[in-house]
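Residue numbers (UniProt numbering): 1 to 159. Comments concern the structure below.
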């Protein structure tokens, strides 16, 4: 297997493998492709501990690094998952928040490892791309939501 030219590296305290396996089980076109163990002791672990995990999330190559608690996740990085309908939106939202995650505003949530996710129905991005009053109505509707309500966005688009 060829190594991707660009890979997102996510720093975890110690749970990179658990996170990668959760993502692989939750999102299509996702998999854990390799688990590498430390060949020697290192500042946040021992020889034999999982050091890195290679995985994909919705086709995007990632590397999980168990580097210890020095660098926590923030909203400055997030995965955005485009959804086609309310069922798909609900499925991903529930998987993330129901597995120790937390809800936020405007379609954002965090998983139990602190990674931020935007669960974004295409109807919302289409409305915002339309511009004008339609975009304004959809945007204002979104601002009052946690998980995005597809029917409410469609109603806002229509005015």
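C-beta: ideal position from N, C-alpha, C; glycine also.
{"Item": "In angstroms with no decimal places, state the Cα-to-Cα distance between residue 74 and residue 134.", "Value": "31 angstroms"}
{"Item": "For residue 115, which option in 4, 5, 128 and 11 has the closest C-alpha, if you only look at C-alpha atoms?", "Value": "11"}
{"Item": "Tell me whether the segment 56-63 and the segment 18-35 touch, counting them as touching only if at least three CB pairs, one residue from each stretch, are closer than 8 angstroms.", "Value": "yes"}
{"Item": "Using DSSP with H/G/I as helix, E/B as strand and the rest coil, what is residue 115?", "Value": "coil"}
{"Item": "Please report the residue range of the alpha helix (DSSP H) in which residue 132 lies.", "Value": "132-143"}
{"Item": "Report the residue from 47, 65, 121 and 141 whose alpha carbon sits nearest the alpha carbon of residue 82.", "Value": "121"}
{"Item": "Provide the residue(s) that pair with residue 99 in DSSP beta bridges, ordered along the chain.", "Value": "BP columns for residue 99 are empty, so no partner."}
{"Item": "By Cβ distance below 7 angstroms, which residues in the same chain neighbour residue 84 in space, the five residues on each side in sequence not counted?", "Value": "122"}
{"Item": "Mind checking whether residue 13 and residue 68 have CB atoms under 8 angstroms apart?", "Value": "yes"}
{"Item": "Within the same chain, show all residues whose beta-carbon is closer than 8 angstroms to that of residue 154, passing over the 5 residues directly before and after it, in chain order.", "Value": "123"}
{"Item": "Cutting at 7 angstroms between CB atoms, please list the residues of its own chain near residue 23, excluding the five before and the five after it.", "Value": "30, 55 and 57"}
{"Item": "Using the Cα positions of residue 18 and residue 158, report the straight-line distance between them to the nearest angstrom.", "Value": "43 angstroms"}
{"Item": "Rounded to a whole number of angstroms, what is the C-alpha to C-alpha distance between residue 98 and residue 28?", "Value": "18 angstroms"}
{"Item": "Could you give the first and the last residue of the continuous beta strand (DSSP E) run that contains residue 82?", "Value": "78-83"}
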